[in-house]
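Novice: Chains as they are written, first to last, in my numbering: chain U, 30 to 116; chain V, 265 to 660.
1. Can you tell me whether residue 586 of chain V is helix, strand or coil according to DSSP?
2. Do residue 602 of chain V and residue 550 of chain V count as a contact pair if the criterion is CB distance below 9 Å?
3. Does DSSP put residue 520 of chain V in a helix, a strand or coil?
4. Please list the partners that residue 419 of chain V has in chain A, where partner means a Cβ-to-Cβ separation under 9 Å.
5. Using only CA atoms, which one of V/477, V/540, V/486, V/588 lies nearest to residue 312 of chain V?
6. Quick one: which chain U residues come within Cβ less than 7 Å of residue 372 of chain V?
7. Taking only the alpha-carbon atoms, compute the straight-line gap between residue 62 of chain U and residue 645 of chain V and give it to the nearest angstrom.
8. Any idea which residues DSSP pairs residue 47 of chain U with across the strands?
9. Residue ranges of each beta strand (DSSP E) run of no fewer than 3 residues wholly in the segment 453–479 of chain V, ordered along the chain?
10. Tell me whether residue 374 of chain V is buried or exposed, calling it buried when 16 or more other Cβ atoms sit within 10 Å of its Cβ.
11. Does residue 46 of chain U come within less than 9 Å of chain V when only Cβ atoms are used?
12. Could you tell me whether any Cβ in chain U is nearer than 9 Å to the Cβ of residue 285 of chain V?
13. Along chain V, in chain order, which residues have C-beta atoms closer than 9 Å to that of residue 36 of chain U?
14. Output needed in chain order: residues of the segment 394–409 of chain V with a Cβ under 7 Å from some Cβ in chain U.
15. What's the C-alpha gap between residue 586 of chain V and residue 524 of chain V?
16. Looking at the unbroken alpha helix (DSSP H) that takes in residue 69 of chain U, where does it start and where does it end?
17. Are any of the Cβ atoms in chain V nearer than 9 Å to that of residue 53 of chain U?
18. DSSP has residue 319 of chain V in a bridge; who is on the other side?
19. Nearest to residue 652 of chain V by CA position, among V/413, V/384, V/364, V/428, is which residue?
20. Anything in the segment 81–95 of chain U with a Cβ closer than 7 Å to a Cβ of chain V? List those residues in chain order, please.
21. With the cut-off set at 9 Å, would you say residue 357 of chain V and residue 536 of chain V are in Cβ contact?
22. Helix, strand or coil, according to DSSP, for residue 642 of chain V in the structure here?
23. Enumerate in chain order the residues of its own chain whose CB-to-CB distance from residue 596 of chain V is below 6 Å, with the five nearest sequence positions on each side excluded.
24. Taking residue 302 of chain V as the query, report the chain U residues whose CB atoms sit under 7 Å from its CB, ordered along the chain.
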């Protein structure tokens, strides 16, 4: 489970394609396609690598603290499917 | 819709009111999620159910440079991967060049082949490449069933290709099977073959497209076989289906994947001469959106063609929208309806509730004309193998 203090980055083999609903995410390594179903999540995922922690990223992207648990769940799913690396 | 990677492996969603992905996809995306690209109509086989009626190369087929330019365009549009097929794509002399160019431009490739040309050297070369999936077609779990559909010697050729890929250390390739009345009893056999190679099994739906227009009536699974197939698939979520059996979701729990027709919305077909159709199973003028050689190229067709724009509009009212199962099956497959002479608002010809059967009887009884595919590259004089009587329908 990803925690607020975890440090993460988008896997370099993964490409994002912004869409109305969020983004398509494709891994050239696992050849799997996923969907990010919210634009806020897309911003967070793209910014992960430029911050020291998930907490810092969520703050920098002005995500309301009430929504943090759902973001942690989403990020955990993405780590499990190798779309995001935990550093 | 021939795009099993559309299966949402992860649908990461922070809690917030959002529309369902199905609703989003029905309105189309700025670029396809993936697409089918048939490289050539040339084929060494003459399979009875070939969706593109392949056999002879078309002299107008895209040049190597045009293929590279198209890959560049896919890269700009962020089309992450393409399903390459044919015909037999390995018959193109620039086949490996095209694969290498795609890999170098962030366009992943999955290609379908009958395996004839995967000898030891080709297998070694394929095993050394990145971003590559291979799908080898068989339509029977043994030669006796397979070769009646695909032609004599085709089963042995496919198994030789699988052996060569395994020996070369390619890794997990895919084995692709079109489900027919003749092989539904072999599902466990197909799975055993796949498991023996560490391969992934992929089952897809037979459509009355291409050469299959003349054999679909007797080749498509019976209602009882459809139920058998549905429960078999429900128990095996690891078997890929390209989301092609979504009409079976009306039997109960939905099968994994996006249950919708993606034609012109999230997928399409580019044929060997650059014609762009809504999906690989509707090679007919009515579903032709344009040609990539026209001004604006592929992206203009995808975003602006009248056909694709209309496919992204809300569906018209029809018999299905009143059915309680409509959300599960979405009315089924457009191509299947079209080529048996039904209206697009009619039920799928293989509707599990049997809703299409009176309509099909009516079409048959009145001898009304049904559409003929726009392209037929079958090789003249070469017999088409078939386990069933070929019924030449009167066609418009």
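We treat Cβ as the ideally placed atom computed from N, Cα and C, and that holds for glycine.
Specialist: Inspection of the coordinates gives the following:
1. Here residue 586 of chain V is taken as the residue at index 322 of the second chain, counted from 1. In the three-state DSSP reduction, residue 586 of chain V falls in the helix class (H, G or I).
2. On the second chain, position 286 is the one that residue 550 of chain V refers to. On the second chain, position 338 is the one that residue 602 of chain V refers to. Cβ atoms of residue 550 of chain V and residue 602 of chain V: closer than 9 Å.
3. Mapped onto the second chain, residue 520 of chain V falls at position 256. Residue 520 of chain V falls in the coil class under three-state DSSP.
4. No chain A appears in this structure, whose protein chains are U and V.
5. The sequence position of residue 312 of chain V within the second chain is 48, counting from 1. Of V/477, V/540, V/486, V/588, the smallest CA-CA separation from residue 312 of chain V is found for V/477.
6. Counted from its first residue, the second chain places residue 372 of chain V at position 108. Ordered by position in chain U, the residues that pass the 7 Å Cβ test against residue 372 of chain V are 57, 60.
7. Counting from 1 along the first chain, the entry for residue 62 of chain U is found at position 33. Counting from 1 along the second chain, the entry for residue 645 of chain V is found at position 381. If you take the alpha carbons of residue 62 of chain U and residue 645 of chain V, they lie about 44 Å apart.
8. Locating residue 47 of chain U in the first chain gives position 18, counting from the first residue. Residue pairing for residue 47 of chain U: DSSP places it in a beta bridge opposite U/52.
9. Here the runs fully enclosed are 464–469.
10. Residue 374 of chain V sits at position 110 when you count from the first residue of the second chain. Per the 10 Å Cβ criterion, buried.
11. Walking along the first chain from the start, residue 46 of chain U turns up at place 17. Judged by the 9 Å Cβ criterion, residue 46 of chain U is in contact with chain V.
12. The count along the second chain starts at 1 and reaches residue 285 of chain V at position 21. Yes, contact with chain U.
13. Within the first chain, numbered from 1, the residue matching residue 36 of chain U stands at position 7. Neighbours of residue 36 of chain U on chain V: none; closest Cβ ~19 Å, over 9 Å.
14. The residues in question are 395, 397.
15. Position 322 of the second chain, counted from the start, is the residue given in the question as residue 586 of chain V. Position 260 of the second chain, counted from the start, is the residue given in the question as residue 524 of chain V. If you draw a straight line from the Cα of residue 586 of chain V to the Cα of residue 524 of chain V, it comes to about 17 Å.
16. For the purposes of this step, residue 69 of chain U is taken as residue 40 along the first chain, with counting starting at 1. The continuous alpha helix (DSSP H) containing residue 69 of chain U extends over residues 68–76.
17. Mapped onto the first chain, residue 53 of chain U falls at position 24. For residue 53 of chain U, at least one C-beta of chain V is nearer than 9 Å to its own C-beta.
18. For the purposes of this step, residue 319 of chain V is taken as the residue at position 55 of the second chain. Residue pairing for residue 319 of chain V: DSSP places it in a beta bridge opposite V/306.
19. The residue you call residue 652 of chain V lines up with position 388 of the second chain. Considering only alpha carbons, the answer is V/413.
20. Residues of the segment 81–95 of chain U that bring their beta carbon within less than 7 Å of a beta carbon in chain V are absent altogether.
21. By 1-based counting over the second chain, the position of residue 357 of chain V is 93. By 1-based counting over the second chain, the position of residue 536 of chain V is 272. Result no, Cβ atoms of residue 357 of chain V and residue 536 of chain V do not sit closer than 9 Å.
22. As a first step, residue 642 of chain V is located in the second chain; it is residue number 378 there, counting from the start. Residue 642 of chain V: coil per DSSP, three-state reduction.
23. Along the second chain, one-based indexing puts residue 596 of chain V at 332. So the list reads 511, 612, once near-sequence residues are dropped.
24. Residue mapping note: residue 302 of chain V aligns to position 38 of the second chain, counting from 1. Within 7 Å of the CB of residue 302 of chain V, no CB atom of chain U is found; the nearest one sits about 21 Å away.
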